[in-house]
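Novice:
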Amino acid sequence: MNEVKKMPLQEAAICLTPSLRLAVDQLPEKTARAAEELRLRVGQPPAVSGGGCEVPLTETAVTAADLREIVARAARDSVHSYADSLRQGFLTLAGGHRIGICGTAKVEDGRFEGVRQFASLNIRIAKPVFGCAREVYEQCCRDTLENLVVLSPPGRGKTTLLRDLIRCASVSGYRVAVADERGELAALRDGAPQFDLGGQADVLELCSKEDAVMHLIKTMSPHVVALDEITSAQDAAAVRYAANCGTAIFATAHALDLADFKRRAVYQPLLEVFKYAAEIVLEDGVRVCRVHGLKEGAVC
2 MNEVKKMPLQ EAAICLTPSL RLAVDQLPEK TARAAEELRL RVGQPPAVSG
52 GGCEVPLTET AVTAADLREI VARAARDSVH SYADSLRQGF LTLAGGHRIG
102 ICGTAKVEDG RFEGVRQFAS LNIRIAKPVF GCAREVYEQC CRDTLENLVV
152 LSPPGRGKTT LLRDLIRCAS VSGYRVAVAD ERGELAALRD GAPQFDLGGQ
202 ADVLELCSKE DAVMHLIKTM SPHVVALDEI TSAQDAAAVR YAANCGTAIF
252 ATAHALDLAD FKRRAVYQPL LEVFKYAAEI VLEDGVRVCR VHGLKEGAVC
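The sequence shown begins at 2 in my numbering and counts up by one.
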């Protein structure tokens, strides 16, 4: 008998305590399918969020012991094996779901080393959208790979679009080097990407973009380098390094819109690097991607 495939929410809930898993299983199907996150805060009822609002799962408050058990389950009772991820404040689950962790910070020599006492968890439910970048890819890279940046405020789907751009290039026969600083693009678990990036993607995760890009170009001979969330001068330097090495670049950046992207000082050195900008906007509550040419010769 074929096993019934679980919904993403049920798959993400595998690390929950038995009582919380039962509450998830009892959610109405419509609510479960729309779920984007599970929010667990000590002293508050657990909640499922989607569409900008939170719905309580039960009336019973979450305890600190619940959070410790969930993190232990997610780390498969080997927390020390996930020290690098925990230092960045998250854990990756099978299927690409991830747990963001907040609480009392552990600081050593002035450096953030993770969270030592858990106060809240945010389980983000992975929902790959296959083909969402196909139109953008065909518009910008039909004849040859071009430098492309995806823009939007947080929460509009930049990472999802970038992930599908990587897959489009990979299945088209291009080698893609993925600088996955926070493990969000590939979500490696036991070395295997939890997201389908195609057969020609090589991933280096939990490493600064600057170091990762240099390593990937030297070792993987990529046709294109992909990196998520340019936020600093160091990230911008990594983009410029890749461009100077002759590889194409797919990247994302936080910006309210194209004008905001052009205004921000950290991005201004990149205006001569990227040929296209794909801006994710909301039209009547629906995400729409608009492609803009940033350089002469860009056809939109």
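Note that beta-carbon positions come from the ideal geometry of N, C-alpha and C, so glycine has one too.
For Arg183, which option in Asp197, Ala202, Cys208 has the closest C-alpha, if you only look at C-alpha atoms?
Specialist: Of the listed residues, the one whose Cα sits closest to Arg183 is Cys208.
Novice: Once the 5 residues before and after Ala95 are set aside, which same chain residues still bring their CB inside 7 Å of it?
Specialist: Within the same chain, Ala95 has close Cβ partners Arg190, Gln195.
Novice: From Val130 to Leu205, what distance separates their C-alpha atoms?
Specialist: Computed Cα separation, rounded: 22 Å.
Novice: Leaving out five residues on either side along the sequence, give the residues of the same chain with a beta carbon under 6 Å from the beta carbon of Ile15.
Specialist: Excluding residues within five positions, none has a Cβ falling inside 6 Å.
Novice: List the DSSP bridge partners of Gln45.
Specialist: Gln45 pairs with nothing; no bridge assigned.
Novice: From the DSSP output, in three-state form, read off Arg112 for me.
Specialist: The answer is strand: DSSP assigns Arg112 an E or B state.
Novice: Pull the bridge partners of Pro57 from the DSSP assignment, please.
Specialist: Bridge partners of Pro57: Ala48.
Novice: Is it buried or exposed for Glu273, if we count other Cβ within 10 angstroms and need 16 for buried?
Specialist: By the 10 Å Cβ count, Glu273 comes out exposed.
Novice: Determine the extent of the beta strand (DSSP E) in which Glu290 is found, giving its start and end residues.
Specialist: Reading off the sequence, residue 290 comes out as Cys, not Glu. Note, Cys290: beta strand (DSSP E), 287-294.
Novice: Taking the beta strand (DSSP E) that Val240 belongs to, which residues open and close that run?
Specialist: Element bounds for Val240: not the beta strand (DSSP E) but the alpha helix (DSSP H), 234-245.
Novice: Compare the C-alpha of Ala279 against each of Arg157, Thr248, Asp285 and name the closest.
Specialist: With distances taken between Cα atoms, Ala279 lies closest to Arg157.
Novice: Starting from the Cα of Gln45, find the closest Cα among Glu55, His216, Gly200, Gly51 and give me that residue.
Specialist: Of the listed residues, the one whose Cα sits closest to Gln45 is Glu55.
Novice: Any chance the segment 30-46 sits against the segment 122-138, with 3 or more Cβ pairs inside 8 Å?
Specialist: Contact between the segment 30-46 and the segment 122-138 is present, because at least three Cβ pairs lie under 8 Å.
Novice: Where DSSP assigns a beta bridge to Thr105, which residues make up the other side?
Specialist: Gln118, per the DSSP bridge assignment.
Novice: Could you name the residues of the same chain whose beta carbon sits closer than 6 Å to that of Ala120, not counting the 5 residues immediately before and after it, in chain order?
Specialist: Cβ neighbours of Ala120 beyond the five flanking positions: Val43, Cys103, Gly104.
Novice: Of the choices Gly200, Ser153, Leu186, whose alpha-carbon is the least far from that of Val172?
Specialist: When each option's Cα is compared against that of Val172, the closest is Gly200.
Novice: Kindly give me the distance between the Cβ atoms of Leu198 and Ala187, rounded to whole angstroms, as I take these residues to be in contact under 8 Å.
Specialist: Indeed they touch by this definition, with Cβ atoms about 6 Å apart.
Novice: CB-CB under 8 Å to Gln118, same chain, minus the five flanking residues each way: which ones, in chain order?
Specialist: Counting only Cβ-Cβ distances below 8 Å, and skipping sequence neighbours, we find Ala65, Gly104, Thr105.
Novice: Lys276 and Glu147 look like a contact to me (Cβ under 8 Å); what is the Cβ gap, rounded to whole Å?
Specialist: Contact holds; Cβ gap of about 5 Å.
Novice: Quick one, which of Phe113, Cys142, Arg288, His98 has its alpha-carbon nearest Leu303's?
Specialist: This structure cannot speak to residue 303, because the chain is shown only from 2 to 301.
Novice: Once you ignore the five residues that flank Thr1 on each side, which residues in its own chain have a CB closer than 7 Å to its CB?
Specialist: The first residue shown for the chain is 2 and the last is 301, placing residue 1 beyond what the model contains.
Novice: Could you tell me the distance, in whole angstroms, from the CA atom of Asp236 to the CA atom of Leu271?
Specialist: Roughly 11 Å separates the two Cα atoms.
Novice: Do you know offhand how far Leu10's Cα is from Ala33's?
Specialist: Their backbone Cα atoms lie some 6 Å apart in a straight line.
Novice: What is the DSSP secondary structure of Leu272, reduced to helix, strand or coil?
Specialist: Looking at Leu272 - three-state DSSP - the assignment turns out to be coil, as it is neither helix nor strand.
Novice: So, helix, strand or coil for Asp197, using DSSP?
Specialist: The answer is coil: DSSP assigns Asp197 none of H, G, I, E or B.
Novice: Residues in the same chain with beta-carbon distance under 6 Å from Asp67, minus the five sequence neighbours each way, listed in chain order, please.
Specialist: If we look at Asp67 and ignore the five residues flanking it on each side, its Cβ neighbours are Thr18.
Novice: Would you please state the rounded distance, in angstroms, between the beta carbons of Val179 and Ala170? I believe it to be under 8 Å.
Specialist: Wrong, their Cβ atoms sit about 11 Å apart, outside the cutoff.
Novice: Is it buried or exposed, Thr248, if we count other Cβ atoms within 10 angstroms and call 16 or more buried?
Specialist: Buried: at least 16 other Cβ atoms inside 10 Å.
Novice: Report all residues from its chain with a CB closer than 6 Å to the CB of Val151; omit the five preceding and five following residues, and keep chain order.
Specialist: So the qualifying residues of the chain are Lys159, Leu162, Leu163, Thr253, Ala279.
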